[in-house]
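Enquirer: Before anything else, here's the structure in question.
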Amino acid sequence: MLSRFLSGPRFGEAERKHWGIEAMHWVLDVTSGEDRTRTRERILANNLSWLRRFAITLLKRHPEKDRIRGKMTRCLMDTTFLDQVLILQGN
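Per this note's numbering, the very first residue in the sequence shown carries number -17; after that it's consecutive.
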């Protein structure tokens, strides 16, 4: 049925985009417990969600090979590493 609307390559592209979004939501939930957030005010919830996505993006861009949660913990304990993550520099 979808083949009437999308060609093979276009369907594959749409499918990859969908799973990319799902992967980001999984990372947000596992690393920052986004599903457990009880923020009721919509604007605050949107701002916190944006900050979480921004932080994860910065952690992913840092060249050190470690889990995101490990990098988050290291940022809490090592301000030099936090500075490296924030200004996008490697070791």
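Every residue gets a Cβ at the ideal spot worked out from N, C-alpha and C, and that includes glycine.
Here the structure is a predicted model, which means the values were calculated and not measured.
1. Have a look at Ile38, Ser(-11), Glu46, Arg24 and flag the residue whose alpha-carbon is nearest the alpha-carbon of Gly15.
2. For Pro45, tell me which candidate among Gln66, Glu(-5), Thr21 has the shortest Cα-Cα distance.
3. Using the C-alpha atoms, what's the distance from Asn28 back to Leu70?
4. Restricting to Cα atoms, I'd like to know which of Gly(-6), Gly(-10), Leu10 is closest to Arg34.
5. According to DSSP, simplified to helix, strand and coil, what is Gly15?
Expert: Inspection of the coordinates gives the following:
1. Of the listed residues, the one whose Cα sits closest to Gly15 is Ile38.
2. The option with the nearest alpha carbon to Pro45 is Gln66.
3. Leu70 and Asn28 have their C-alpha atoms some 25 Å from each other.
4. Minimum Cα-Cα distance from Arg34 among the listed residues Gly(-6), Gly(-10), Leu10 corresponds to Leu10.
5. Here DSSP, grouped into helix, strand and coil, assigns Gly15 to coil.
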